[in-house]
Amino acid sequence: MIKLRLRRMGKKRQPHYRIVAAEARWPRDGRFIEVIGYYNPRTDPYTLEVNVERARWWLEHGAQPTDTVRALLVRAGVLPPRQQNEAKRETAETAQPET
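Each residue of the sequence shown is one higher than the last, beginning at 963 in this note's numbering.
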């Protein structure tokens, strides 16, 4: 399964991240298929650059973003914001025992 996730870069205590498409089994900072963006939380305001076209392509082809990358893609305008009703419905469905 392909995941869109963060790859840590930078020196000690000075992290910045690349948003990459990678196989889920590969190490966090190891192999990746493609770099689709950049995120630096240490600047004020934070720096976020995303190749919107490639991010949408990966999502259309089944790539699953991690929670953090999903939030960054919402900020970048690639994904719509999650509705609170959807989140409540998902938690309610998982909380009910199946009979």
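Just so you know, even glycine gets a beta-carbon here, dropped at the ideal spot from N, CA and C. The structure presented is a predicted model; accordingly, all values stated were derived computationally and were not measured.
With a floor of 3 residues, list each beta strand (DSSP E) that falls wholly inside the segment 976-1058, ordered by position along the chain. 976-985, 996-1002 and 1009-1012
Measure the C-alpha to C-alpha separation of T1030 and R967 and round it to an integer number of angstroms. 8 Å
Whole-angstrom distance between M963 and R1004, CA atom to CA atom: 31 Å
Secondary structure at M963, three-state DSSP: helix, strand or coil? coil
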